[in-house]
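Participant:
In this note's numbering, the protein residues as written are 3 to 393.
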């Protein structure tokens, strides 16, 4: 039986094993049960029996007390809990704004005084039709609202007889195809950015930090002696102090950007101004126009690729992080990639970088794989920003 679950993707406590078979893991109410099954059917039966034995009594007693909960009261209780988490700096304010917008739509479409238990599949279908008539959504937003409604019901321990997956046929959300660029294209694109955007893109390439984590970096967060960056790791569930190793070429960029600045100053700015989420959008569009074969200057529109599809320009630098992690995972495996990015079971509060040498060694291996995959600025900063040899 496997002792580690790192790298496994669990869906309702069941994950597929790389070598075949399935793993059931339950951590509810302090449980630590892990069972391996050969067939998925056996794992599903095991989960059903486990819930009937350990969780059914508590769930039924709790449900019997919440059958008269209204939708408005349930949403207010849910928002109150998230406001407490935001006050304790455990949730991002953007998450709270996201749920407030969704709850506003749910209350307008379903009714404030409706019992949460009376939200049947027919009521949900009526809500879906109402959203299509009153909004401009392509369907994906409605799916998120139904997921949130299920989450609110589960938080208030009110059973619902439907799942958001039951309405995918009615909603038919538009799923955008993920664009995957080659490493050569990534390097050519970064070299066509202006100086501020280029420094930011290199930092995202070498550290794979999220955009909100990079934008909040200050001069005092850099530890040059130990070649680490101290930052606040922000995920959907929590914030935690963490560190990241600094590659040699990135250290040269940080030296230049931190020179003469106060400890409280931001490291990455755009023409002296603080960065926001869409600050580099224009720079990304200009860099996309400079890519060979992407922009038709005569017709003043985006060209078509070899398959006849119109090229979609890059409008943000978030794709850099995705391609860097993809290269690290291909070179070292998912465990080192997760450790380097702070994902999954690799998450840990790293308040002191000298307490976990094994994890720092994993980060060093990831940086070496990163530089090997994207060797554009690895030699010296003297070539940083010059014309690419790949063009």
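Ideal Cβ placement from N, Cα and C applies to all residues, glycine included.
Here the structure is a predicted model, which means the values were calculated and not measured.
Does residue 341 come out as helix, strand or coil in the three-state DSSP assignment?
Facilitator: Note: residue 341 maps to helix in three-state DSSP.
Participant: Drop a sphere of 10 angstroms on the beta-carbon of residue 246, count the other beta-carbons inside from all chains shown, and report buried for 16 or more, exposed for fewer.
Facilitator: By the neighbour-count rule (16 or more Cβ atoms within 10 Å), residue 246 is buried.
Participant: Under the three-state reduction of DSSP, which class applies to residue 62: helix, strand or coil?
Facilitator: Residue confidence is low: residue 62 scores 44 on pLDDT, short of 50, so the model does not pin down where it sits. No coordinate-derived value is stated.
Participant: Would you report the Cα separation of residue 165 and residue 152, rounded to the nearest angstrom?
Facilitator: Each residue's Cα considered, the two are about 8 Å apart.
Participant: Give me the Cα-Cα distance between residue 146 and residue 217, rounded to the nearest whole angstrom.
Facilitator: Approximately 27 Å between the Cα atoms of the pair.
Participant: Residue ranges of each alpha helix (DSSP H) run of no fewer than 4 residues wholly in the segment 132-180, ordered along the chain?
Facilitator: Whole alpha helix (DSSP H) segments, 4+ residues: 142-157 and 170-173.
Participant: Distance, Cα to Cα, residue 287 vs residue 374?
Facilitator: Answer to the nearest angstrom: the Cα atoms are 27 Å apart.
Participant: Give me the residue from 20, 29 and 16 with the minimum Cα distance to residue 43.
Facilitator: Comparing Cα-Cα distances from residue 43 to each of 20, 29 and 16, the minimum goes to 16.
Participant: Tell me which residue opens and which closes the beta strand (DSSP E) that residue 227 is part of.
Facilitator: That residue, residue 227, is in no beta strand (DSSP E); it is neither H nor E in DSSP.
Participant: Is the Cβ of residue 100 closer than 7 Å to any Cβ of chain C?
Facilitator: Looking at the structure shown, chain C is missing, and only one protein chain is on hand.
Participant: Helix, strand or coil for residue 268 per DSSP?
Facilitator: Reduced to three states, the DSSP call for residue 268 is strand.
Participant: Can you check which of these residues, 154, 46 and 95, is closest to residue 74 by C-alpha distance?
Facilitator: It is 154.
Participant: Quick one: residues in its chain with C-beta nearer than 7 Å to the C-beta of residue 212, no 5 flanking neighbours on either side, listed in chain order?
Facilitator: 236.
Participant: Go to residue 95, then tell me how far its alpha helix (DSSP H) extends in each direction, as first and last residue.
Facilitator: Element bounds for residue 95: 95-112.
Participant: Where residue 29 and residue 307 are concerned, what is the direct C-alpha to C-alpha distance, given to the nearest angstrom?
Facilitator: Rounded to the nearest angstrom, the two C-alpha atoms are 49 Å apart.
Participant: If we ignore side chains and look at the alpha-carbon of each, how far apart do residue 25 and residue 270 end up?
Facilitator: For residue 25 and residue 270, the distance between alpha carbons rounds to 44 Å.
Participant: Classify residue 208: buried if its beta carbon has 16 or more other beta carbons within 10 angstroms, exposed otherwise.
Facilitator: Label assigned to residue 208: buried.
Participant: Applying the 10 Å Cβ sphere with the 16-neighbour rule, what's the burial state of residue 99?
Facilitator: Residue 99 comes out exposed.
Participant: Report the start-end ranges of each alpha helix (DSSP H) in the segment 187-222 that is 4 residues or longer and not cut off at the edges.
Facilitator: Correct list: 197-209 and 213-217.
Participant: Per the contact definition of three or more C-beta pairs closer than 8 Å, is the segment 295-305 in contact with the segment 320-330?
Facilitator: Short answer: they don't touch.
Participant: Can you tell which of 123, 137, 117 and 189 has the C-alpha that lies nearest to the C-alpha of residue 158?
Facilitator: Out of 123, 137, 117 and 189, 117 has the C-alpha closest to the C-alpha of residue 158.
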